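One structure below.
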Amino acid sequence: MAKSSTRKFRRVKKDIITELPQNIQESILELIAYKFVSVINRILLLHNGKILKFSLSYPDEDCNAEIIHDYVDQWIPFLARKDLEVIDVDTSEQSIFDCPVLEKLTLVLCESIFPNNFRAPKLRCLHQFSLRITKKYSLAGLENLTEYPFALDGDGARVKLTKTCNVVEILSRLPKIEKFCGAMDYMQFLAEGGSPNRLAKPLDYLKTLNISGIYLTELSQVSCLLCVIQSAPNLCTLNISAEYIDEGDLENYSIEGSEDCAIDHLESVTFSNFKGMRAELELVRFLLGRSPLLKTMSIHFGGAMEKDVAATVAEEVFQYFTASSRVQIRYLERRVDFEDFGAFC
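To convert, note that position 224 of the sequence shown is 224 in full-length UniProt numbering; the numbers rise steadily by one, no gaps.
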């Protein structure tokens, strides 16, 4: 009796799939649900609390990546309802998430997921906060974005994405952008590789430009900012909040070669943490002289600025030529904080 049971056990354990050719094995396995999928599904359904982090790692040589991605696509909406903060899919293959109706996406500390991982033709708004950026970063396939705030705080600000400069690589992917925002170290990243005077194709839809954390003592970042401004003929609102590490200044700096540039629709400009640096004053002079519809130029002096120095700067600004006959220059007691990044900036 024991001998018969042994023979039966051996018959059951015999694996005939592995004896088949590789292509036939793959065809069969693609039609069979993976065991770990049912395990994950059961765990997710039985878990009552929050799921703050979801990590998935699998060897590509043993799994069909497309099938795995299909299951991940199903899990993401469920995880989103569980207050998911971090998702990490570890594979050498690039994960693609099909989101045909997704219109708004926020990625917070999702270091292994890039915007181009989402096949989202209707995506209009992408908010991103990251501690690092790599050469894999791309906005390819997201040409319908109209709003794009990015706060970069950490490694990767010196990363050059392609042979071309970063500002061209990023903004050439955003032909329909209406609101563009960069915070913390993002302008340093955007300026990597240099900047042209203006982009080959203008940003005709760009209406609002918010830049926070820019170092106006670095020529590369000032040039990058000018490139964006001069590439946006319909810009209406410009907000700039500068940062400073030392007392260095771009002495004798002047904005040249922009005589043919007119910012015909600009109505509101705000400078926060203004210190009267040469690049700041040149930007004020440039904007006042090139904006015929400008209504308000608001300036907030940095807290460490002496009153007599602030008065001298204000007097110099008062002497600048203004293209608009109705512009008002106002001085603010408090800096203007952007709402694009919530508590991250």
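C-beta atoms are modelled at their ideal positions from N, C-alpha and C, and glycine is treated no differently.
Every value quoted in this text rests on a predicted model; they were computed, and no experiment measured them.
Is residue j closer than 8 Å to residue i when the C-beta atoms are compared?
| i | j | result |
| --- | --- | --- |
| T202 | P233 | One point to set straight first is that residue 202 is Pro, not Thr, in the sequence displayed. Contact: yes. |
| H300 | R326 | no |
| L131 | P115 | no |
| L109 | K122 | no |
| A80 | C99 | no |
| L199 | L235 | no |
| S272 | T296 | no |
| L293 | L332 | no |
| Y244 | V284 | no |
| A242 | I263 | no |
Looking only at its chain, what residues have a beta carbon closer than 6 Å to the beta carbon of residue i, apart from the 5 residues adjacent to it on each side?
| i | result |
| --- | --- |
| I255 | E282, F286 |
| E147 | C125, K179 |
| S220 | A191 |
| L107 | Q128 |
| A279 | L216, V222, L250, Y253 |
| G302 | N273, K275 |
| Q328 | T296 |
| V310 | The sequence shown places Ala at residue 310, not Val. Same-chain partners within the cutoff: F301. |
Buried or exposed: where does residue i fall if 16 or more other Cβ atoms within 10 Å of its Cβ makes it buried?
| i | result |
| --- | --- |
| F118 | buried |
| T270 | buried |
| R290 | buried |
| Q74 | exposed |
| V39 | exposed |
| N48 | exposed |
| F318 | exposed |
If you draw a straight line from the alpha carbon of residue i to that of residue j, how long is it in whole angstroms?
| i | j | result |
| --- | --- | --- |
| I133 | N210 | 20 Å |
| S223 | D83 | 40 Å |
| A151 | D308 | 35 Å |
| G193 | N166 | 6 Å |
| V228 | E169 | 13 Å |
| L161 | K135 | 5 Å |
| S55 | A183 | 28 Å |
| S172 | T322 | 32 Å |
| V72 | D337 | 37 Å |
| S92 | E306 | Reliability of the predicted coordinates at S92 is poor, the pLDDT of 45 falling under 50, and the value obtained from them is presented with this limitation in mind. Cα to Cα, S92 sits roughly 56 Å from E306. |
Got a sec? Which residues, its chain only, sit under 7 Å from residue i by beta carbon, not counting five neighbours each side?
| i | result |
| --- | --- |
| E19 | none |
| D204 | P233, N234 |
| D153 | L131, M184, D185 |
Can you determine whether any heavy atom of the ligand FAD sits closer than 7 Å to the C-beta of residue i, and answer yes or no?
| i | result |
| --- | --- |
| I170 | Among the ligands in the structure shown, none appear at all, so the ligand FAD cannot be discussed. |
Once the 5 residues before and after residue i are set aside, which same chain residues still bring their CB inside 8 Å of it?
| i | result |
| --- | --- |
| K176 | E143, N144, L145, T146, Y205 |
Mind listing, in chain order, the continuous alpha helix (DSSP H) runs of no fewer than 4 residues lying wholly within the stretch 260-322?
278-290, 307-318
Mind listing, in chain order, the continuous beta strand (DSSP E) runs of no fewer than 3 residues lying wholly within the stretch 138-183?
147-155
Which residue spans inside the stretch 200-237 form an unbroken beta strand (DSSP E) run of at least 3?
208-214
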